[in-house]
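Trainee: So in the numbering used here, the last spot in the sequence shown is 177, and the numbers never skip.
Yeah, the Cβ is synthetic: ideal placement off N, Cα and C, and Gly gets one too.
Predicted model, so just to flag it, every value in this text is computed and none were measured.
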Amino acid sequence: MLIKQLSVFVENKPGRLAAVIEELGKNGINMSALSLADTSEYGILRVIVDNPENAAEIVKKIGVIVKITTVLAVPMDDTPGGLSKILDIFLKNDINVDYMYAFVGKTANKAVMVVKVSDVKKAEEALLAAGISADYTENLY
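(1) Which of helix, strand or coil does DSSP assign to ILE125?
(2) How do the stretch 132–141 and the stretch 151–164 stand: do at least 3 beta-carbon pairs fall below 8 Å, yes or no?
(3) For VAL140, which beta-bridge partners are listed by DSSP?
(4) Which runs of the alpha helix (DSSP H) spanning at least 4 residues fall entirely within the stretch 38–124, listed in chain order?
(5) Report buried or exposed for ALA69, applying the criterion of at least 16 other Cβ atoms within 10 angstroms of its Cβ.
(6) Whole angstroms is fine: what's the gap from LEU60's alpha carbon to ASN66's?
(7) Keeping to the same chain, check which residues put their C-beta closer than 7 Å to that of GLU160; ignore five residues upstream and five downstream.
(8) Can you list, in chain order, the residues of its chain with a C-beta nearer than 8 Å to that of SER169? Leave out the 5 residues immediately preceding and following it.
(9) Once DSSP output is grouped into helix, strand and coil, what is the label at ALA147?
(10) Have a look at GLU77 and GLY167 and give me their C-alpha separation to the nearest angstrom.
(11) Kindly list the residues whose CB is nearer than 6 Å to the CB of VAL148, restricted to its own chain and excluding five residues on each side of it in sequence; keep chain order.
(12) Would you mind working out which of THR106, GLU47, PRO88 and GLY64 sits nearest LEU72, comparing C-alpha positions?
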């Protein structure tokens, strides 16, 4: 359930994002989820990859700032209200959601959401106590 995410700080200019993505691809890094947020000067690419430590080194070599963060990969029922159940667990355990985004595909008939929370260990414990299994997130790449 705990996975590593790259946060890549990309200058907000034409071609900068493409350069990062191209470099990862040339080096055999597979992406399974991503999110891009922007400001007027830079963008933050949040990405889940199959080899985060190697990917971070690749990105650093082309002069881009990158940080590795622990986030949750949360499996949920792929039905209306599936996400509400997860958010209710966080609410009952006083866990704040900083941001979230979805995986491209599904695993074992579940949708998977990447979630950054105020306390990842507490959130993981709360999810496991509520019967949310980490088994679904072991083979995401």
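Mentor: Taking the geometry as given:
(1) helix
(2) yes
(3) Answer is none; VAL140 lacks a bridge partner.
(4) 52–62 and 88–97
(5) buried
(6) 8 Å
(7) MET37, LEU38 and LEU108
(8) PRO111
(9) strand
(10) 43 Å
(11) ALA109, PRO111 and PHE139
(12) GLU47
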